[in-house]
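Below: one structure, written as structure tokens.
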Amino acid sequence: MLFKVMKYAINMKCLIFRITGNRFFILFAFLIICNFISCSEDWKSENPVKSISYYPSQSYYKESDSIVPVTLDDFSDYISLMEFINQTYCSGKKPVLIVEDADDIYKFILLNGCPQPNVVACYRERNIVELSPDSVTINGFKNQSIERLPEIMEKHILNNGKDYSFSDKPELASFIVYPEENSKLADMKELLLNIAISFDKLNNKNGSELELKISMFRKNRVPPPPPPPPVIDGN
Numbered sequence: 020m021l022f023k024v025m026k027y028a029i030n031m032k033c034l035i036f037r038i039t040g041n042r043f044f045i046l047f048a049f050l051i052i053c054n055f056i057s058c059s060e061d062w063k064s065e066n067p068v069k070s071i072s073y074y075p076s077q078s079y080y081k082e083s084d085s086i087v088p089v090t091l092d093d094f095s096d097y098i099s100l101m102e103f104i105n106q107t108y109c110s111g112k113k114p115v116l117i118v119e120d121a122d123d124i125y126k127f128i129l130l131n132g133c134p135q136p137n138v139v140a141c142y143r144e145r146n147i148v149e150l151s152p153d154s155v156t157i158n159g160f161k162n163q164s165i166e167r168l169p170e171i172m173e174k175h176i177l178n179n180g181k182d183y184s185f186s187d188k189p190e191l192a193s194f195i196v197y198p199e200e201n202s203k204l205a206d207m208k209e210l211l212l213n214i215a216i217s218f219d220k221l222n223n224k225n226g227s228e229l230e231l232k233i234s235m236f237r238k239n240r241v242p243p244p245p246p247p248p249p250v251i252d253g254n
């Protein structure tokens, strides 16, 4: 009986040696291991860790107890979003608008403040660039295509008083989002992503020390007055 057991063990050892020494077995085992690793990587890629960007800059987020997150996708229209933002500011808190795409998360502290009735903000027009989903407005009347946003943003923030149509210095350069009457939240999301991506590229080129100062309002712009009638000789 003992002899049969020893003979069986020797035969099995020889069989295992022949199998593991076979190059086809080695190749098969290698493919199995590679497939397992690939599946593990696929599983990881389904749950990527998204990067987070902060605006105007990360220094604005130190007082975390006063911050209220506002996720853009949780609202059905721009009016209800703006009402929530205004109510949050008027309660003494700072709303942080969160916009997310497939790869990244963008957080905006909007510099709106609590709206006050019959109070008009006073600012130098050159320090403001107005944005809508399809246009950029400079000095209140020079409309440009939104496709020019990256170059206009660079000129505005880094102007340093050179061009009177743009900001006096980077610290004063601001952007205001004015949606059009028919703007949808999907359009606003695309605009905010465009703003963030354009700014990040500019900031990375300049030592990551710039700030993106942005506000969002819902109001009708007052059209400029019509030009004066032409002067006629003798009248």
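Under our numbering, the first residue of the sequence shown is numbered 20, with each subsequent residue one higher. Here a beta-carbon is modelled for each residue, glycine too, at the ideal position from N, C-alpha and C.
Determine the DSSP secondary structure at residue i, reduced to helix, strand or coil.
i	result
GLU166	helix
PHE236	coil
LEU129	coil
SER110	coil
LEU231	coil
Since residue i contacts residue j with CB under 8 Å, what's their CB separation in whole angstroms?
i	j	result
LEU91	LEU204	7 Å
ARG145	ASP187	7 Å
ILE171	ASP153	Not really, about 14 Å apart at Cβ, beyond 8 Å.
How long is the line joining the alpha carbons of residue i and residue j, rounded to whole angstroms?
i	j	result
GLU209	LEU130	20 Å
ILE216	SER110	31 Å
PRO75	PHE160	26 Å
ASP120	ASN158	31 Å
PRO189	SER78	16 Å
ASN179	ASN162	22 Å
TRP62	SER70	The predicted model places TRP62 with a pLDDT of 43, which falls under 50 and marks its position as unreliable; any figure quoted below should be read in that light. Taking the straight line from one Cα to the other gives about 19 Å.
LEU177	ASN225	10 Å
Residues in the same chain with beta-carbon distance under 6 Å from residue i, minus the five sequence neighbours each way, listed in chain order, please.
i	result
SER234	LEU129, LEU130, ASN131 and ILE195
PRO114	VAL87, VAL89, ILE104 and THR107
PHE94	LEU100
LYS174	PHE185
GLU149	THR156, ILE195 and TYR197
In its own chain, which residues sit with a C-beta less than 8 Å from the C-beta of residue i, not counting the 5 before and 5 after it?
i	result
SER72	ASP123, ILE124, TYR125, LYS126, ALA215 and ASP219
CYS133	ASN105, TYR108 and CYS109
GLU228	ASN222
SER151	ILE165, VAL196, TYR197, PRO198, GLU199, SER202 and LEU210
SER85	GLY111, LYS112 and LYS113
Report task. Taking only runs that begin and end inside the stretch 62-97, name each unbroken alpha helix (DSSP H) of 4 or more residues, in chain order. Result -> Complete alpha helix (DSSP H) runs here, min 4: none at all.
**Report entry** Within the stretch 158-229, ranges of the alpha helix (DSSP H) (whole runs, at least 4 residues)
**Finding:** With a minimum length of 4 residues, the continuous alpha helix (DSSP H) runs that stay inside the stretch 158-229 are 168-176 and 204-224.
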